[in-house]
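Novice: Okay, handing you the structure first.
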Amino acid sequence: MEKSPSTSFSQFTQAQIQRMRDAFQFIDDDGDGEISKEDLQKVYSNLGKPDVSEQIIAMLGEKAGELTFPEYLTVMGDRMGKLPDEEELLDALRTFSKNPGHEMSIDANELRAFLNDAGFKDKSKLDKILAQFCTTQLSGDQVFKGRKFLETLE
């Protein structure tokens, strides 16, 4: 049974819908109100990923043409529905953090080891993701900033 757009809309806050509208408009390069295969190819090309035709086809799903904004929200709702909620993430980050206060700093090497044990085996992908949220201390140790990570999900 396919999820209706109105069901997906209800799970988003107004701020989330506005951010998704901004992202939709950014991706909709030609401004026609729909995200086409060409729009997605241009975005991926600008990100340095020129040949992603299979991924684009998977994103567009059964639709041979374009995604409207309501359809885009439905797709995003399906993807976001698979993510844990913020409270679960906070609890997990607090568990690993040596300083569960404001920053929720976590030793990056320990986090890598835990994630590897949990099944995240692709080291290069994991390093790319963690690099966005890690800083290097004067001691040379890398620290994952849990708060910074959570802010990107808001």
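For the sequence shown, the residue numbers in the working numbering are 105 to 258. Note that CB positions come from ideal geometry on N, CA and C, so glycine has one too.
With DSSP run on the structure shown, which of helix, strand or coil describes GLN145?
Specialist: Taking the first residue of the sequence shown as position 1, residue 145 is located at position 41. Helix, per DSSP.
Novice: Given ASP143, which residues of its chain have a CB within under 7 Å of its CB, disregarding the five upstream and five downstream residues?
Specialist: The count along the sequence shown starts at 1 and reaches residue 143 at position 39. Contacts found: ILE131, ASP132, ASP133 and ASP134.
Novice: Bridge partners of PHE248, per DSSP?
Specialist: Start at 1 with the first residue of the sequence shown, and residue 248 comes out as number 144. DSSP output for PHE248 lists ILE210 and CYS238 as bridge partner(s).
Novice: How long is the line joining the alpha carbons of LYS107 and SER243, rounded to whole angstroms?
Specialist: To locate residue 107, count along the sequence shown from 1; it is residue 3. To locate residue 243, count along the sequence shown from 1; it is residue 139. The pLDDT assigned to LYS107 is 42, lower than 50, so where the model puts this residue is not dependable, and the model offers no usable value.
Novice: Excluding the 5 residues flanking GLU214 on each side, which residues of the same chain have their C-beta closer than 8 Å to its C-beta?
Specialist: As a first step, residue 214 is located in the sequence shown; it is residue number 110 there, counting from the start. Contacts found: PHE200.
Novice: Spell out whether any CB of chain D is found under 8 Å from the CB atom of MET208.
Specialist: This model lacks chain D altogether, as it is built from one protein chain only.
Novice: Who does ILE139 pair with in a DSSP beta bridge?
Specialist: Looking up residue 139 in the sequence shown gives position 35. Answer is LEU171, bridged to ILE139.
Novice: Taking the continuous alpha helix (DSSP H) assigned at PHE128, which residues delimit it?
Specialist: Here residue 128 refers to the residue found at position 24 when the sequence shown is read from its first residue. Its alpha helix (DSSP H) spans residues 118-131.
Novice: When you compare only the Cα positions, how much space is there between ARG198 and MET208?
Specialist: In the sequence shown, residue 198 corresponds to position 94, counting from 1. In the sequence shown, residue 208 corresponds to position 104, counting from 1. Going by the C-alpha atoms only, they are around 6 Å apart.
Novice: Tell whether a beta-carbon distance below 8 Å holds between GLU175 and SER140.
Specialist: As a working note, residue 175 is residue 71 in the sequence shown. As a working note, residue 140 is residue 36 in the sequence shown. Result no, Cβ atoms of GLU175 and SER140 do not sit closer than 8 Å.
Novice: Smallest Cα separation from LEU177: which of GLN241, PHE248, ARG251 and ASP126?
Specialist: The count along the sequence shown starts at 1 and reaches residue 177 at position 73. The shortest Cα separation from LEU177 among GLN241, PHE248, ARG251 and ASP126 belongs to ASP126.
Novice: Quick check on ALA235: buried or exposed, where buried means 16 or more other Cβ atoms within 10 Å of its Cβ?
Specialist: Mapped onto the sequence shown, residue 235 falls at position 131. So ALA235 counts as exposed.
Novice: Sort out for me which residues DSSP pairs ASN203 with in a bridge.
Specialist: Counting from one through the sequence shown, the residue named residue 203 turns up at place 99. Paired residues: SER209.
Novice: Pick from MET124, PRO188 and PHE218: whose alpha carbon is nearest that of VAL179?
Specialist: As a first step, residue 179 must be located in the sequence shown, where it is residue number 75. Checking every option, the nearest Cα to that of VAL179 belongs to MET124.
Novice: Inspect the beta-carbon positions of THR239 and LYS249 and report whether they are closer than 8 Å.
Specialist: Walking along the sequence shown from the start, residue 239 turns up at place 135. Walking along the sequence shown from the start, residue 249 turns up at place 145. The answer is yes: Cβ separation under 8 Å.
Novice: Mark ALA162 as exposed unless 16 or more other C-beta atoms lie within 10 angstroms of its C-beta, in which case mark it buried.
Specialist: Here residue 162 refers to the residue found at position 58 of the sequence shown. Result: exposed.
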